[in-house]
Amino acid sequence: MPEGPSVRKFQLLTSHFVGQVVAKVGGSSRKINVSDLNALRLQDSQVHGKNLFLAFVAAGCPLGPSAEETVLQREAASGASSPAQPCAPQTHPPEEELQELQHSRPDVPDGAGGLGNWLRFHFGLFGSIRANEFSRANKPNKRGDWKDPIPRLVLHFESGGFLVFYNCRMHWCSSPVADPASDILSAEFHRGQALDALRTPDPICYTLLDQRYFSGLGNIIKNEILYLAKIHPLTQGSLLALSDLEHLLDCAVQFSSDWLQSKLHGKGLHHQIYQKEQCPLGHAVMKGTFGPLGGFKRLTWWCPQCQPAVL
């Protein structure tokens, strides 16, 4: 599923439509009543880790303050009696996505006063957003049919432009409350908090996917930065020197930023280790599925020679 850099690009696409009024809606989503978006104005667009939040208000309302100012207003008026629309009912997602959601969803209150309602998007495998174009099939499906992907939501704006959302789950919430200190692409990313998390006795590859401390960091980033830092994925964080953990954090921030810039310039990502059979030095790569007991498990690639185990 899309990681932080991809969702940041999605947010940039949606930001061009802020201030515009929805003229027509479509899509296959059954999680929300898409017709509720008709004639609403897109007020704001925010990204937090792997989650995108869009704020909608009545077309006659002013754009109002930024999301940060809105959150401060809500906190100051925590006793307000006018509830926002609660989160829409959801069916159970696949187990893998459900486990990730448990670590990635922000603490969003179900009822609070505010200028508008926020629609939260969490993208599944191959989830994406297109602006002013639809996705087309580039290969046949398992049945041999060339069927274009079906969008979950289509927003047509009065300006004539439109946004198309694919393979995502949506629900209404009252605000996009999140901790920017945990977002690896945020200027407010807290290195000290991240270092404390990495110092635990847990395998380092478990900690890196914990969205409480590394919001937006996904499986591709995890694999790539562990290779760049020459750290075995199952190494306990408590066994690593502070300098090694600092270097790992540097790799995480730099790799994520470089990936985002590549996406913004329409360039692909060259993987060093992810889904590779050999590392850049020609060594055979190993693959395993790792995760905490009873928790989220992901495929992991590593080079035993470049990333030796720490005993």
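Under this note's numbering, the first residue of the sequence shown is numbered 118, with each subsequent residue one higher. Cβ coordinates follow ideal geometry from the N, Cα and C atoms, glycine included. Being a predicted model, the structure only gives us computed values, none of them experimental.
### Distance between Gly143 and Trp289 (C-alpha atoms, nearest Å)
17 Å
### Task
Have a look at His239, Gln163 and Gln128 and flag the residue whose alpha-carbon is nearest the alpha-carbon of Val148.
Reading the sequence as shown, one finds Lys at residue 148 and not Val. Considering only alpha carbons, the answer is His239.
### Task
Could you check which residue in Ala298, Asn284, Ile348 and Ser152 has the C-alpha nearest to that of Trp418?
Ile348
#### Entry: 4-residue-minimum alpha helix (DSSP H) runs that sit fully inside the stretch 286–357, ordered along the chain
Runs of alpha helix (DSSP H) with 4 or more residues, each lying fully within the stretch 286–357, are found at 308–315, 321–325 and 336–345, listed in chain order.
### Query
Which two residues bound the contiguous beta strand (DSSP E) that contains Ser245?
Asn234 to Ala248
### Query
So who's on the other strand from Asn168, going by DSSP bridges?
His165 and His239
### Task
Compute the beta-carbon to beta-carbon distance between Leu359 and Gln424, rounded to the nearest angstrom, for a pair I have assumed lies under 8 Å.
Contact flag wrong, Cβ pair sits at about 19 Å.
### Query
How many angstroms separate the CA atom of Gln137 from the CA atom of Asp262?
Per the coordinates, the alpha-carbon of Gln137 lies some 37 Å from the alpha-carbon of Asp262.
### Message
Is the separation between the beta-carbon of Ser292 and that of Trp235 shorter than 8 Å?
### Response
yes
### Query
What is the residue span of the beta strand (DSSP E) that Lys404 lies within?
For Lys404, the uninterrupted beta strand (DSSP E) run begins and ends at Met403 to Phe407, by DSSP.
#### Entry: Distance between Ile301 and Leu362 (C-alpha atoms, nearest Å)
15 Å
### Query
Looking at the unbroken alpha helix (DSSP H) that takes in Leu416, where does it start and where does it end?
From DSSP, Leu416 is part of no alpha helix (DSSP H) but of the beta strand (DSSP E) over Arg415 to Trp419.
### Query
If we ignore side chains and look at the alpha-carbon of each, how far apart do Leu398 and Ser152 end up?
54 Å
### Query
Quick one, which of Val135, Lys256 and Ala369 has its alpha-carbon nearest Val174's?
Val135
### Three-state secondary structure assigned by DSSP to Arg191
With a pLDDT of only 40 at Arg191, under the threshold of 50, the placement of this residue in the model should not be trusted; the figure read from the coordinates follows. Note: Arg191 maps to helix in three-state DSSP.
### Task
Just mark Leu280 as buried or exposed, buried being the case when its beta carbon has 16 or more other beta carbons within 10 Å.
With 16 or more Cβ atoms within 10 Å of its Cβ, Leu280 is classed as buried.
### Query
With burial defined as no fewer than 16 other Cβ atoms inside 10 Å of the residue's Cβ, what is the status of Arg329: buried or exposed?
exposed
### Query
Taking just the CA atoms, how far does Lys339 sit from Leu326?
Linking Leu326 to Lys339 through their CA atoms gives a straight-line distance of about 7 Å.
### Query
Candidates Leu416, Lys167 and Ala298: which alpha carbon is nearest Gly244's?
Of the candidates Leu416, Lys167 and Ala298, the one whose C-alpha sits nearest the C-alpha of Gly244 is Lys167.
### Query
With 16 other CB atoms within 10 Å as the buried threshold, where does His400 fall?
exposed
#### Entry: Integer Cβ distance of Glu275 from Ala172, believed to fall under 8 Å
Not confirmed; about 18 Å, so no contact.
### Task
Kindly identify the DSSP beta-bridge partner or partners of Gly143.
Val271
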